[in-house]
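2 protein chains.
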Amino acid sequence: MGPGDQEFLAGKTIEVIKMADAVVGYKSYVKLIENLVENKKVVSSGMKQEQKRAEKAIELANEGKNVVVVSSGDPGIYGMAGLLLELTPPNLEVEIIPGITAASAAASILGAPLINDFAVVSLSDLLTPWELINKRLNAAGQGDFAIVLYNPRSQGRREQIEWACEILLKYKDPKTPVGIVRNAKRGETKAVITTLGKMLQEEIDMLTTVIIGNSDTRIINGKMVTARGYK
Amino acid sequence: MGPGDQEFLAGKTIEVIKMADAVVGYKSYVKLIENLVENKKVVSSGMKQEQKRAEKAIELANEGKNVVVVSSGDPGIYGMAGLLLELTPPNLEVEIIPGITAASAAASILGAPLINDFAVVSLSDLLTPWELINKRLNAAGQGDFAIVLYNPRSQGRREQIEWACEILLKYKDPKTPVGIVRNAKRGETKAVITTLGKMLQEEIDMLTTVIIGNSDTRIINGKMVTARGYK
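As given, the protein sequences belong to chains A and B, one line each in that order.
Positions in the first sequence are counted from 1; adding 91 to them yields this note's numbering.
Positions in the second sequence are counted from 1; adding 91 to them yields this note's numbering.
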């Protein structure tokens with residue numbers, strides 16, 4: 092579905108939603124496309140119900156229905172595409188429609204921080220053990236990647252963003268530009284540009300995407316820009 | 092502009108192109124939106140003319156024109172956004188419209204290889220020295236990231252993909268799934284799923300995006316899927 096605002100839906104996405112008999116999704120995401128799902132069977136539920144939603148979608152498809160499962164951002168980047176492909180029996184056909192992922196939406200608001208090599212790391216340790224996230228943050232720091240942090244903090248997970256900041260400060264200058272974007276291209280966007288040394292002073296929650304620069308990232312006319320070696 | 096097929100253009104992208112007085116871009120990209128730029132001033136040129144195109148766009152904007160600079164994929168990921176922000180004087184306003192990047196488009200064709208943490212690395216050493224690309228490939232391998240390779244090979248750069256494969260084989264099993272997608276969602280898409288040990292037997296060129304799995308990537312019903320720890 093892309094970031095959330097309907098002007099960032101691709102034509103193809105609108106087309107498949109309109110053709111669907113049933114739409115299945117996380118309730119906050121289904122709400123973003125309410126006007127497109129009138130007169131359709133809609134199955135929506137809360138967080139951590141991903142597996143049940145996928146099973147429900149498969150059940151409806153097995154009844155012969157044309158089913159759309161919606162994810163915000165890109166369904167293939169921390170979205171529903173993987174779980175659906177894991178669970179769907181071979182008699183059913185799955186088509187993945189890519190979207191504008193949160194990294195792209197947040198980057199476009201900040202400037203051009205991802206114009207060169209970057210790494211994307213989710214700080215949620217619900218499905219990935221922290222030891223592995225820790226290893227990846229260290230690797231991304233060593234490689235001087237620009238780094239996008241998804242799911243930086245939630246009500247129940249407060250400290251991961253602090254640990255991540257501490258790890259990255261081993262490799263990156265405290266003055267490295269950091270962009271913090273809340274609700275990127277979804278209603279009321281809020282963006283702050285700060286530094287790695289000061290980022291923990293800012294408001295960060297589960298609707299936030301955090302982008303940390305590499306050693307070539309600068310602030311130019313108020314925008315966060317990673318130089319790519321032109322000139 | 093997204094991957095290329097117009098059904099993957101966002102509504103916002105179509106709107107700003109239609110509102111523009113002038114459209115500036117790489118000639119192959121402008122060709123993909125020919126029907127949208129009729130009756131507009133169009134400035135298109137070849138590869139390695141990026142800086143001249145940006146300067147031309149700024150010149151037209153300084154004349155008071157509303158100018159759109161197009162990039163395929165996401166303009167903020169190896170696209171034109173960074174260079175434009177570096178060169179544009181503060182009196183002009185720049186808005187970046189995000190798009191579906193090639194990693195998302197290629198992943199959606201292969202299955203869901205990027206459903207967990209991943210790194211994006213361009214193998215082009217025109218603007219980034221090979222020592223840095225080499226360091227990033229090693230870091231991405233150490234971190235067990237799924238890895239997206241942009242610009243894997245061109246007419247003039249043949250060996251970088253071979254070096255990259257050799258580096259990644261230090262960290263990843265030769266049986267690691269690899270997806271190779273040519274022209275992802277742009278006309279005639281061609282996709283192959285192979286392994287890290289055998290990937291160099293496939294056709295790889297500058298229109299190709301290569302995605303290398305992490306240690307949780309499997310082939311399920313012919314699709315490349317990175318497991319994310321559900322169940």
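Don't be surprised by glycine CBs; every beta carbon is placed ideally from N, CA and C.
In this text the structure is predicted, and so the values were computed from the model without any measurement.
Point to revise | Alpha-carbon spacing of B:A152 relative to A:E150, whole angstroms | key: Roughly 54 Å separates the two Cα atoms.
Exercise for review: Measuring alpha carbon to alpha carbon, tell me which of A:F236, A:E98, A:R277 and A:S119 ends up nearest A:A193.
Suggested key: A:R277
Check your understanding: How many angstroms separate the CA atom of B:I36 from the CA atom of B:N242?
Key -> Only positions 92 to 322 of chain B appear in the structure, and residue 36 of chain B is not among them; the question remains open.
Exercise for review: Name the two residues that bound the continuous alpha helix (DSSP H) containing B:V121.
Suggested key: Counting along the chain, the alpha helix (DSSP H) containing B:V121 begins and ends at K118 to L123.
Check your understanding: Which residue from B:Q292, B:P220, B:F209 and B:A318 puts its Cα closest to that of B:I303?
Key -> B:F209
Check your understanding: Taking C-beta to C-beta, are B:L205 and A:I200 nearer than 7 Å?
Key -> no
Review point. Using 8 Å as the threshold, is the stretch 184-193 of chain A in touch with the stretch 155-175 of chain A, meaning 3 or more CB pairs across them?
Key: At 8 Å Cβ cutoff, the stretches touch.
Exercise for review: Could you tell me how far apart the beta carbons of A:V133 and A:V114 are, in whole angstroms, since I believe they sit closer than 8 Å?
Suggested key: 5 Å
Practice item. Would you mind working out which of B:Y117, B:I124, B:E146 and B:L123 sits nearest B:M138, comparing C-alpha positions? Key: B:Y117
Check your understanding: Can the beta-carbon of A:V316 be found closer than 7 Å to that of A:G202?
Key -> yes
Practice item. Look at the Cβ atom of A:T286, then the Cβ atom of A:V301, and state whether they are nearer than 7 Å. Key: no
Exercise for review: Taking a Cβ distance cut-off of 8 Å, strictly less, list which residues of the stretch 112-129 of chain B are near chain A, in chain order.
Suggested key: none
Exercise for review: Could you work out which residues of chain A lie near B:T192, taking near to mean beta carbons separated by less than 7 Å?
Suggested key: S195
Review point. Since A:K103 contacts A:I188 with CB under 8 Å, what's their CB separation in whole angstroms?
Key: 6 Å
Practice item. Scan the stretch 229-311 of chain A and note each continuous alpha helix (DSSP H) run of 4 residues or more that stays entirely inside, going in chain order. Key: Along the stretch 229-311 of chain A, the alpha helix (DSSP H) occurs as fully enclosed runs of 4 or more residues at 251-260, listed in sequence order.
Review point. Thinking C-beta only, is A:A148 closer than 7 Å to A:L174?
Key: no
Check your understanding: Does the Cβ of A:S306 have 16 or more other Cβ atoms within 10 Å, making it buried, or fewer, making it exposed?
Key -> exposed
Exercise for review: Confirm, please, whether the CB-CB distance from B:L214 to B:Q251 is below 7 Å.
Suggested key: Yes, the Cβ-Cβ distance between B:Q251 and B:L214 is below 7 Å.
Exercise for review: Could you check if A:E222 is buried or exposed, using at least 16 other CB atoms within 10 Å of its CB as the buried criterion?
Suggested key: exposed
Point to revise | Candidates B:L298, B:V185 and B:L228: closest to A:I311 by CA position | key: The residue with the shortest Cα to Cα distance from A:I311 is B:V185.
**Study point:** Residue from B:Q292, B:D296, B:R248 and B:T308 whose Cα sits closest to the Cα of B:K263
**Key:** Nearest option by C-alpha distance: B:T308.
Point to revise | A:K131 versus A:N274 - alpha carbon distance | key: 27 Å
Exercise for review: For B:M111, I'd like the list of residues in its chain whose CB is within less than 7 Å of its CB, leaving aside the five on either flank, ordered along the chain.
Suggested key: The amino acid occupying residue 111 of chain B in the given sequence is Ala; Met does not appear at that position. Correct list, in chain order: K131, N157, V158 and V159.
**Study point:** Exposed unless 16 or more other CB atoms sit within 10 angstroms - verdict on B:L127
**Key:** buried
Check your understanding: By DSSP, does B:V107 sit in helix, in strand, or in coil?
Key -> helix
Point to revise | Nearest neighbour of B:W254, chosen from B:A237, B:T267, B:F236 and B:N229 [CA to CA] | key: The shortest C-alpha separation from B:W254 is found at B:N229.
Check your understanding: Hey, is A:I271's beta-carbon within less than 7 Å of any beta-carbon in chain B?
Key -> no
Point to revise | Beta-carbon spacing of A:L176, B:K314 below 7 Å | key: For A:L176 and B:K314, yes; Cβs fall inside 7 Å.
Check your understanding: Taking only beta-carbon atoms, is A:G167 less than 7 Å away from chain B?
Key -> yes
Point to revise | Contact residues within the stretch 153-165 of chain A, judged by C-beta distance below 7 Å to chain B | key: D165
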